[in-house]
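To start, the structure itself, in structure tokens.
Residue numbers (the working numbering): 1174 to 1560.
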């Protein structure tokens, strides 16, 4: 693999690996490592101790701090149950679009970043360029934190991170944090005619779910500040997406499980929202145990994604704007790994090709124009690092 591949050829190769989050990404990582190695670039991997997955990171240029870091994730969402017009894991060009799972989210950017790293190695750069490819972003951004930690003692620390989630090549400087909780309400079964002596897990769970409705209504009624007003919606949101439980219509439910996610404004303290929910859980649990002592509520955190805060004179933002010419103010309500890099002391911005509306959809695509705009971005970036 000594020949240089085009960004399109790299994207085609990456998408051929069906790296759905439930599956291993090791074949993809091994291919990237081999391809970079064929161009004299040493890759480093962090391998997950509990599953066959790995993150990859690499450095090109002088061994000094201050690198630009191009960050992407290697996993994609499932295709089962979606009506695709073509093989999801084969890139098809049609009507000015590249179709395939991950073309938009976000193997298109990954391909551009790999191309840029090889190009930087070929032409030589005065300021270093780094690549960071994570795993398990789609299931709660759980693969980035250990990758970022593993990078610290191996690579000179970068100073500006560009996370290439689809933003239509606009500089996104803020996003909400995402926090997920699994709640298991354990009740006490009796015949429903004696409901006053039993504890219905479903009916007690409903109290917690109604708390989310009340909290959303209260947040909606607040007057947003300048930063909050940039988001849609301009308030922290709580949402229950999955619920299951019960045995029969005439039995008070022994179990009820539901998921809760919070999309927290980056200016607010996520821990305070967690604590507010846990306090409501304790209150409901006390009411349950007053009826029967063997009841309880178990809450497990399933993901924790910090928000991205707009930076004053942020280096990553300035870099992205200098290349794209974008001077608008852009924030999003979904989470990315940018907040995790920022939390680790990097300046971070979200900027990548494609429209987030196409992510996770059947017939996912990135337009040829957007992919080419991403290529132009990388060419300008490498030229700037070499100059």
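Yeah, the Cβ is synthetic: ideal placement off N, Cα and C, and Gly gets one too.
In this text the structure is predicted, and so the values were computed from the model without any measurement.
Return yes when the Cβ of residue 1532 is within less than 8 Å of the Cβ of residue 1268, no when it is not. Locating residue 1268 in the chain shown gives position 95, where the first residue counts as 1. Locating residue 1532 in the chain shown gives position 359, where the first residue counts as 1. Cβ distance not < 8 Å, so residue 1268 and residue 1532 don't count as in contact.
Within this structure, are the beta carbons of residue 1497 and residue 1344 separated by less than 8 Å? The sequence position of residue 1497 within the chain shown is 324, counting from 1. The sequence position of residue 1344 within the chain shown is 171, counting from 1. Going by C-beta atoms, residue 1497 is nearer than 8 Å to residue 1344.
Residue-chain proximity (residue 1394, chain C), Cβ-Cβ < 8 Å: No chain C appears in this structure, which consists of one protein chain only.
Let me check you understand the geometry: is the CB of residue 1268 closer than 7 Å to at least one non-hydrogen atom of the ligand SAM? In terms of ligand content, the structure shown is empty, and the ligand SAM therefore cannot be addressed.
Residues that residue 1521 bridges to, as DSSP identifies them: Here residue 1521 is taken as the residue at index 348 of the chain shown, counted from 1. Answer is 1334.
Identify which residue in 1215, 1248 and 1182 has its Cα closest to the Cα of residue 1285. For the purposes of this step, residue 1285 is identified with residue 112 of the chain shown, where counting begins at 1. It is 1182 whose Cα lies nearest to the Cα of residue 1285.
Extent of the continuous alpha helix (DSSP H) to which residue 1456 belongs: What you label residue 1456 is simply residue 283 of the chain shown in a count that begins at 1. Run containing residue 1456: 1443-1464, per the alpha helix (DSSP H) assignment.
Beta-carbon separation (whole angstroms), residue 1372 vs residue 1263, contact threshold 8 Å: Numbered from its first residue, the chain shown carries residue 1372 at position 199. Numbered from its first residue, the chain shown carries residue 1263 at position 90. Not quite, the Cβ-Cβ distance comes to about 53 Å (not below 8 Å), so this is no contact.
Below 8 Å on the Cβ atoms is my contact criterion, and I expect residue 1525 with residue 1340 to pass it. Report the Cβ-Cβ distance as a whole number of Å. On the chain shown, position 352 is the one that residue 1525 refers to. On the chain shown, position 167 is the one that residue 1340 refers to. Contact between residue 1525 and residue 1340 is confirmed by a C-beta separation of about 6 Å, below the 8 Å threshold.
Just tell me which of 1221, 1383 and 1230 has its CA closest to the CA of residue 1309. As a working note, residue 1309 is residue 136 in the chain shown. The option with the nearest alpha carbon to residue 1309 is 1221.
Sheet register partners of residue 1355 (DSSP bridge): Indexing the chain shown from 1 puts residue 1355 at position 182. In the DSSP output, where bridge partners are listed per residue, residue 1355 has 1432 and 1473.
Taking residue 1568 and residue 1337 to be in contact with their CB atoms under 8 Å, please state how far apart those CB atoms are, rounded to whole angstroms. In the structure as shown, the chain starts at 1174 and stops at 1560, and residue 1568 therefore has no counterpart that could be examined.
If we ignore side chains and look at the alpha-carbon of each, how far apart do residue 1443 and residue 1429 end up? Taking the first residue of the chain shown as position 1, residue 1443 is located at position 270. Taking the first residue of the chain shown as position 1, residue 1429 is located at position 256. So the two alpha carbons sit approximately 25 Å from each other.
Please determine, among 1300, 1281, 1206 and 1226, the residue with the shortest C-alpha to C-alpha distance to residue 1236. The residue you call residue 1236 lines up with position 63 of the chain shown. When each option's Cα is compared against that of residue 1236, the closest is 1300.
According to DSSP, is residue 1246 part of a helix, a strand, or is it coil? One-based indexing of the chain shown puts residue 1246 at position 73. Here residue 1246 sits in strand by DSSP.
Output yes or no for whether 8 Å exceeds the beta carbon distance between residue 1500 and residue 1494. For the purposes of this step, residue 1500 is taken as the residue at position 327 of the chain shown. For the purposes of this step, residue 1494 is taken as the residue at position 321 of the chain shown. Contact flag set, yes.
Can you give the Cα-Cα distance for residue 1258 and residue 1557, rounded to whole angstroms? Position 85 of the chain shown, counting from 1, holds the residue named residue 1258. Position 384 of the chain shown, counting from 1, holds the residue named residue 1557. Rounded to the nearest angstrom, the two C-alpha atoms are 41 Å apart.
Count Cβ pairs between the region 1456-1468 and the region 1388-1396 that sit closer than 8 Å; are there 3 or more? The region 1456-1468 is not in contact with the region 1388-1396.
For the candidate residues 1529, 1287, 1353 and 1424, whose alpha-carbon lies nearest to that of residue 1169? Outside the shown range of the chain, which is 1174 to 1560, sits residue 1169, and nothing can be said about it.
Between the C-alpha atoms of residue 1330 and residue 1360, what's the straight-line distance to the nearest angstrom? Working through the chain shown from its first residue, we reach residue 1330 at position 157. Working through the chain shown from its first residue, we reach residue 1360 at position 187. Between residue 1330 and residue 1360, the C-alpha separation is close to 51 Å.
Considering only residues of the same chain and omitting the five flanking positions on each side of residue 1417, which have a CB-CB separation below 8 Å? Your numbering for residue 1417 matches position 244 in the chain shown. Spatial neighbours of residue 1417 in its own chain (CB-CB distance under 8 Å, excluding positions within 5 residues in sequence) are listed in chain order as 1429, 1430 and 1431.
Which value, in whole angstroms, describes the spacing of the CA atoms of residue 1356 and residue 1451? Indexing the chain shown from 1 puts residue 1356 at position 183. Indexing the chain shown from 1 puts residue 1451 at position 278. In this structure, the CA atom of residue 1356 is about 10 Å from the CA atom of residue 1451.
Distance, Cα to Cα, residue 1180 vs residue 1548? Walking along the chain shown from the start, residue 1180 turns up at place 7. Walking along the chain shown from the start, residue 1548 turns up at place 375. Rounded to the nearest angstrom, the gap between the Cα atoms of residue 1180 and residue 1548 is 7 Å.
Could you name the residues of the same chain whose beta carbon sits closer than 6 Å to that of residue 1440, not counting the 5 residues immediately before and after it, in chain order? Here residue 1440 is taken as the residue at index 267 of the chain shown, counted from 1. Contacts found: 1400.
Proximity winner among 1197, 1511 and 1530, relative to residue 1521 (alpha-carbon distances): Numbered from 1 along the chain shown, position 348 holds the residue referred to as residue 1521. The shortest C-alpha separation from residue 1521 is found at 1511.
Any idea what DSSP makes of residue 1515, helix, strand or coil? As a working note, residue 1515 is residue 342 in the chain shown. Three-state DSSP puts residue 1515 in a helix.
Cβ-based neighbour list, residue 1247, same chain, cut-off 6 Å, excluding 5 preceding and 5 following: For the purposes of this step, residue 1247 is identified with residue 74 of the chain shown, where counting begins at 1. 1192, 1198, 1201, 1306 and 1308, listed in sequence order.
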